[in-house]
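Asks: Okay, here's the structure, questions in a sec.
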Amino acid sequence: MSEFYSTFNEIKKVNPRCADYLIDLGLGHWARSHFPGARYNIMTSNLAESWNAVLREAREYPVVPLIEFIRSKLMSWFSKRRQSLEGNNAALAPKVLELLAASFELTGAFEVKKVDTGEYEVRDTSGVSFLVNLPEKSCTCYQFQMLRIPCSHAIASAIQAGVNVESMVADVYSVAFMKSAYKGHILPPKEYEIHSELSSAMEALYLQPPSTRRPPGRPRKQRFLSRGEVRMKITRRKTVCSRCKGIGHNRATCKQPI
């Protein structure tokens with residue numbers, strides 16, 4: 001939390017209007033430290049952006065082929081992830097083990113003092129003090145309770161208390177939890193059953209086109225930008241003439257005298 005306010009004060013010094021704009025948006029909408037729920041350190045819409053890239057071509061499809069495209073993608077992804085987890089017998093996910101290893105490297109120079117049962121004061125190399133409560137799985141740096149992964153201060157306290165560090169990680173980061181997430185199978189639809197059930201009803205159905213007027217202009221293909229988002233312009237490489245070294249033309253169209 002102190003890190004957030006320190007960084008935000010720097011923003012205020014550089015651009016007060018930008019700081020006011022961020023406050024008006026609401027800190028909980030863009031700052032992980034102020035979000036009321038559990039976001040597990042994720043504060044972006046990257047999942048939606050990834051799907052937007054995957055559906056770049058399929059978004060032109062009609063509704064039924066579009067849904068079938070999404071189903072096929074999910075079926076393939078689930079199968080690949082199940083296969084990648086088959087030989088993993090570790091307790092925690094690989095990314096979490098990397099985070100724990102990186103945090104463990106920081107604990108060597110920490111000063112740890114016991115306050116009470118399960119409570120420890122941890123002082124880092126810069127002299128800042130943090131209070132860790134192992135039973136409640138909390139730290140005054142707020143990283144422990146936000147990520148539900150032990151921070152470097154909690155790891156130092158756990159080592160002092162003789163507590164297994166991996167036991168303090170939330171179950172959602174376990175390999176068993178990952179395997180259960182991709183346990184289900186996404187099967188292709190049985191088209192012959194659908195046709196047999198709907199054939200009689202479809203014969204008597206007469207569909208009319210929708211009574212709507214098509215708006216003028218070409219249909220929009222690019223997505224709408226989020227508030228505050230700016231579309232980045234693609235910089236084109238300038239043509240340089242190999243004869244006169246001028247910009248904007250090449251050797252074949254060069255009009256400079258020899």
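According to UniProt numbering, the stretch in the sequence shown is residues 1 to 258, in order.
Glycine included, every Cβ here is placed at the ideal spot set by N, Cα and C.
State the Cα-Cα distance for the pair L27 and F35, rounded to the nearest angstrom.
Replies: Locating residue 27 in the sequence shown gives position 27, where the first residue counts as 1. Locating residue 35 in the sequence shown gives position 35, where the first residue counts as 1. Each residue's Cα considered, the two are about 7 angstroms apart.
Asks: Can you give me the C-alpha to C-alpha distance between N250 and T235, rounded to a whole angstrom?
Replies: The sequence position of residue 250 within the sequence shown is 250, counting from 1. The sequence position of residue 235 within the sequence shown is 235, counting from 1. N250 and T235: Cα-Cα distance of roughly 19 angstroms.
Asks: Beta-carbon within less than 8 angstroms of A109's beta-carbon, same chain only, minus the 5 sequence neighbours each way: which residues are those?
Replies: As a position in the sequence shown, residue 109 is number 109, starting the count at 1. For A109, where only same-chain residues beyond five positions count, the Cβ hits under 8 angstroms are D124 and T125.
Asks: From G184 to W77, what does the alpha carbon distance come to, in whole angstroms?
Replies: Walking along the sequence shown from the start, residue 184 turns up at place 184. Walking along the sequence shown from the start, residue 77 turns up at place 77. Roughly 12 angstroms between the two C-alpha positions.
Asks: Have a look at L85 and E136 and give me their C-alpha separation to the nearest angstrom.
Replies: Stepping through the sequence shown from its first residue, residue 85 is reached at position 85. Stepping through the sequence shown from its first residue, residue 136 is reached at position 136. Cα to Cα, the separation comes out at about 31 angstroms.
Asks: Evaluate the contact criterion for the stretch 113-124 versus the stretch 156-164: three or more CB pairs, one atom per stretch, below 8 angstroms.
Replies: The stretch 113-124 is in contact with the stretch 156-164.
Asks: What's the gap between the Cα of M178 and the Cα of T140?
Replies: Here the question's residue 178 lines up with position 178 in the sequence shown. Here the question's residue 140 lines up with position 140 in the sequence shown. Between M178 and T140, the C-alpha separation is close to 29 angstroms.
Asks: In angstroms with no decimal places, state the Cα-to-Cα distance between C241 and N52.
Replies: Working through the sequence shown from its first residue, we reach residue 241 at position 241. Working through the sequence shown from its first residue, we reach residue 52 at position 52. Roughly 39 angstroms between the two C-alpha positions.
Asks: Out of S180, D171, Q256 and R231, which one is the CA nearest neighbour of S79?
Replies: The residue you call residue 79 lines up with position 79 of the sequence shown. Measuring from the Cα of S79, the nearest candidate turns out to be S180.
Asks: Taking DSSP as the reference, what is the three-state secondary structure of E10?
Replies: Reading the sequence shown from its first residue, position 10 is the one you call residue 10. Helix, per DSSP.
Asks: How far does the beta strand (DSSP E) with R123 in it reach, from first residue to last?
Replies: Start at 1 with the first residue of the sequence shown, and residue 123 comes out as number 123. Note, R123: beta strand (DSSP E), E119 to R123.
Asks: Assuming contact is defined by CB atoms lying nearer than 8 angstroms, are L55 and I186 in contact in what I supplied?
Replies: Against the sequence shown, residue 55 aligns to sequence position 55. Against the sequence shown, residue 186 aligns to sequence position 186. Taking 8 angstroms as the Cβ cut-off, L55 and I186 do not qualify as a contacting pair.
Asks: Just curious, the alpha helix (DSSP H) that K221 is in, first and last residue?
Replies: Residue 221 sits at position 221 when you count from the first residue of the sequence shown. That residue, K221, is in no alpha helix (DSSP H); it is neither H nor E in DSSP.
Asks: Consult DSSP for F130 and reduce its assignment to one of helix, strand or coil.
Replies: Translated into the one-based positions of the sequence shown, residue 130 becomes position 130. If DSSP states are grouped into helix, strand and coil, F130 belongs with the strands.
Asks: For I70, name the three-state secondary structure that DSSP assigns.
Replies: Indexing the sequence shown from 1 puts residue 70 at position 70. Of the three classes helix, strand and coil, the one that applies to I70 here is helix, per DSSP.
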